[in-house]
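Those protein sequences? They're chains A and Y, same order as listed.
Per our numbering, the first sequence runs over residues 1 to 475.
Per our numbering, the second sequence runs over residues 1001 to 1511.
We treat Cβ as the ideally placed atom computed from N, Cα and C, and that holds for glycine.
Take a look at the structure set out below.
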Amino acid sequence: MNFNPVLIVPELYFLALVLVLLVQALGPRDWHPHVERWIPYGAGLGFMVTMTAYHAHGSMFWDVYKLDMMSQFFKIVIAFGFFVAVVNATRQPTLEEGKRSDYFMLLGFSALGLMMLSSAVELITVYLALELASYSLYAVIPLRSRDKGAAEAAIKYILFGAVATALALYGLSYIMAVQHTTYISELVSKPWHFADAPMAVVGLSLFLAGMFYKLALFPFHFWCPDVYQGASNETAAYVATLPKMGAVVVLVRLAAFLKPGLEITSILAVLGAASMTFGNLSALAQTDLKRILGFSSVAHAGYIMVGLVSGSAEGLAAAAFYAMSYLIMNLLVFWVVSRIAVDGRNLRLADLNGLHKRAPALAFALAAGAFALVGLPPTIGFIGKFFLITSAWDHGYNWLVITLVVNSALAIYYYLSIVRHAYTEDATQEAGPEPDKGPFSIAGAGLLAGAVLVVGMIPAPLFNFAVKAGESLLQ
Amino acid sequence: MDFGYPVLTLLIFFPLVAACGLFFIRAPQVVRTYTMAASLIELLLAIPTLGFQFNADFQFVERIPWVAKWGLEYYLAVDGISILMVWLSLVVLPLCVMCSWTYIGKRVKEFHFCLLFMTAACVGVFCAMDFVLFYVFWEAMLIPMYLLIAVWGGDDRKYASIKFFLYTLAGSTLLLAAIVAFRISGGTFAIPELMTQTFGFRFQFWAFLAMALAFAIKVPMFPFHTWLPAAHVQAPAAGSVILAAVLLKMGTYGFLRFCLPLTPAASEYFAPMMIAISIASILYGGAIALGQSDIKKLIAYSSVAHMGFVTLGIFLFNMRGVQGALFQMLNHGIITGALFMMIGCVYERSHSREISHNMGMGKYMPGFMAFWGLYALASFGFPGTNGFVGEMLVFVGAFKHAIWLGMAIVPGALLGAAYMFRVSLKMAWGVPGTAKGWKDLNAREYMYLIVPAVFVLYIGLNPAIFFKVIDPSVQKLLKDFDSRRQIVQVETVQPLETAARNLDSVLAARQ
């Protein structure tokens, strides 16, 4: 067994973080300092540590665990997302006092699982990492005191997750039976035409169900809006962003053998198209902000498919880049949502009325986030979508590109109504408590909005990183 | 030409930087003065562009890689077709600031932020020589315009702003697909380089349709025009001015810059349809304008008619037609911009845009009516005004193309005279209602109304200098168009037939 701890410093750091949190969770309730005091620094340090490992290269544990540009890219994104989500969750109004350490411990566990997922290059390892990332989230969802919806959301999340997992495991057995290996690098050279290996194609389709579930891709998306709605805003911010990264990285790795024209690739393309259309159409009818974001994430999962099916290094890079863009845009919107709902309630569109007067900076950040999700320049959402379209055009999926484009037009309405309520409607009497306008709240929103705009205008450095990652996969 | 500093970049980014400066100002009056100063500095910054050489080259070129991996460039340049539009955008800005001086009372800072942002995006659209950069500016401009209508607009502003946003964005999303398709076929996003390439007819067919939809909505051409009256009526005066003067020109600019050079064969193929739609726009816009009781709506529908002349001129593919179209773009910007500012003056006094509430001003506001008369004459192309030059060129082009075509648009010109006379007569000599108590124009209003008046008369009496600017580029455009439209074989595109042929080849390959 080849083992080099230097290469996996980020994972070890997160493991240590989780253990410290575990100790605090088990310790007496009145331990000082409180977990919220130090966990942002811990998460921030985790991001730094992950950054330093960006060029780690090699494989270990009998080659089931690989460190390459792709895994490091996603680890950095996950560490960043974890940092923001944790900072966002430090002021969580609906979390019981005694469960705070447990809460962050579970989030940390999930992040660790996702990081392992980005390095896993063997299907059973993928499965194990996926479960590690999922189980902790099953426990986090219902941690919203005094809310019956939370329990319902948790049950939905677990049940759907269990079904998806079962399907994935079942599919895995098919793949093993037919292809006699579970290493992705060996699977690449196996036949994936339905005519040559029908069982394997069925197996892979089923295995992908696990990823689709995490990504909330049609038809495994039904949990998504309900869970967002039932979970607290801060938890939803995490569930809506980081697990998607884990799913995308696995899909990106598997995409190495999803050549255009294969049946399995076409299945992905069709699911992508269905996902965008279904997500956008459903979102049009919603008034609960988190449900809108839930259905919008179903649509975005479809967009990511466009990059995956193109079968080129650019396509994989575009998918990775778009996943990162989505993480930043969504964290921005959830940050603002959490700051507006200071009492932890679920926001409806009408609650945003007159936001520009009550909190101009937050309103601006929210508008930036919404316009980014639409895909308007000069935001990160536009440039990400542009990369997706360019990579897929002329690879046999022009119809998918057109579907994406038409769907972007469909999506304008509901994103615009977020901006409309914030900017053009006047506040009603029962607008709820004042939004949090403290320096902490404004700074976070400002930094994330800045990232959305600046990376949108100067995407080259990050995108080049993603392209190198994509190329390293296809070598 | 090299002036030692990037002129165009400065023109685009100075307003943005100035807009950020607004965050540090509180008092509304200071905000106005500051924005005014910024808009004048912006004009000063544009002085080097007066060194424009009278030839068809792309000038003031700036070119640096943006996303090298994808061939994206930060590529700016202007030629005879775009330089006038850039100047128009710059001149309109200070006028907008002045005409909003007392008109805009709430959220003054944000309003001026939107104006400056808007100007940056408009200049960017006309300077961008990279297709994606063009698209970035083209879309970025929607956000401030949406806010201008949605926040400072009239009673029905929400409906109007959403309609505007949905229409224009839905149209331009397909443009994005076309842009990507051009890059895949042509290997570059640089527009001057794409212009030298020839694409197959099938490709041109679809690319033209995708682009033309986006541009036709922006122009707007009948039947994609329905967002325009709503947006114009609801927008504040400055918003209407920018919308009429600059935004609508982006559509026709798109036709000239992209459709004719990049898809010449398809442009020719679709020309009958485009001409028919243009005539429909001219006649329909004029006829509907005649029936309006709301002054602003009337001018909005007249814009549909005037822009119909522009698109008609473009799709005649002859020298006079295209010259006239470009000229009319400039003229319409000046005249309609001025008319919307005047409606703003009226609205500030009467708080109504109904003709019946704004009658009989001749006696009480002679200064106002003098300007209104001048712009009304210019609007329907009275000789001696700039409107005449443009409209006449389009007429000459149309008659040159076919007698029947010339005859077909004559009623359009008559309609123009009819509706302008009707509204002007009522405003000047109708039975005065509340107009009795009104004061004539004040110094500030004179200031911003006199600028377009000077242009109206100067261009009308001495258009030569403007022809010197546009002629070389128009000649080159048409020469390239003529030499390249014949190269590709026109074929009828029938999806079913294509599918059948593809199936055949697949089956053949299997055997």
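Element boundaries [alpha helix (DSSP H), containing residue i]
i	result
A:L7	Counting along the chain, A:L7 falls outside any alpha helix (DSSP H), and DSSP gives it neither H nor E.
A:S472	A460 to L474
A:W399	N398 to Y423
Y:K1332	In the sequence as displayed, the identity of residue 1332 of chain Y is His instead of Lys. Looking at the DSSP string, the run of the alpha helix (DSSP H) that includes Y:H1332 is M1319 to S1350.
A:R481	This structure leaves residue 481 of chain A out entirely; chain A is present only between 1 and 475.
Y:M1369	P1366 to S1379
Y:Y1135	F1131 to A1140
Y:E1193	I1191 to M1195
Y:C1114	V1108 to C1127
A:K385	I380 to A392
Y:D1471	A1464 to R1485
Y:Q1234	W1227 to Q1234
Y:P1452	A1443 to L1461
A:C224	W223 to G230
A:V252	L242 to L254
Beta-carbon proximity check, residue i vs residue j, cutoff 7 Å
i	j	result
A:G210	A:A164	yes
A:F257	A:V188	yes
Y:G1286	Y:A1300	no
Y:V1322	Y:T1252	no
A:F104	A:L21	yes
Y:R1320	Y:G1397	yes
Y:A1056	Y:K1426	no
Y:F1117	Y:P1094	no
Y:C1099	Y:M1341	yes
A:S134	A:F109	no
A:L327	A:G81	yes
A:A359	A:P435	yes
A:L373	A:M70	no
A:Y174	A:E122	no
Y:V1136	A:P377	yes
A:F194	A:L172	no
Y:G1171	Y:L1213	yes
Y:T1119	Y:P1015	yes
A:L7	A:L45	no
Secondary structure of residue i, DSSP reduced to three states
i	result
Y:W1066	strand
A:V309	coil
Y:V1092	helix
Y:A1019	helix
Y:Y1005	coil
A:A451	helix
Y:I1025	coil
Y:W1101	coil
A:N88	helix
Y:V1396	helix
Y:G1171	helix
Y:G1416	helix
Boundaries (first-last residue) of the beta strand (DSSP E) holding residue i
i	result
Y:L1076	L1072 to V1078
A:M60	G58 to M60
Beta-bridge pairing of residue i - partner residues as DSSP gives them
i	result
A:R348	A:D288
A:A120	A:Y65
A:Y183	A:E122
Y:Q1059	Y:V1078
A:D426	Looking at the DSSP assignment, A:D426 forms no beta bridge with any residue, so it has no partner.
Y:E1354	Y:D1294
Whole-angstrom C-beta distance between residue j and residue i, which should lie under 8 Å
i	j	result
Y:I1335	Y:S1379	5 Å
Y:S1278	Y:F1327	So it is not a contact: roughly 16 Å between Cβ atoms.
Y:F1060	Y:A1077	6 Å
A:A392	A:V401	5 Å
Y:K1069	A:V467	5 Å
A:L169	A:L251	That pair is no contact at about 18 Å.
A:I383	A:V452	Rounded, the Cβ-Cβ distance is 11 Å, inconsistent with contact.
Any non-hydrogen atom of the ligand ATP closer than 6 Å to residue i Cβ
i	result
Y:L1256	With respect to small molecules bound, the structure shown includes none, and the ligand ATP cannot be examined in it.
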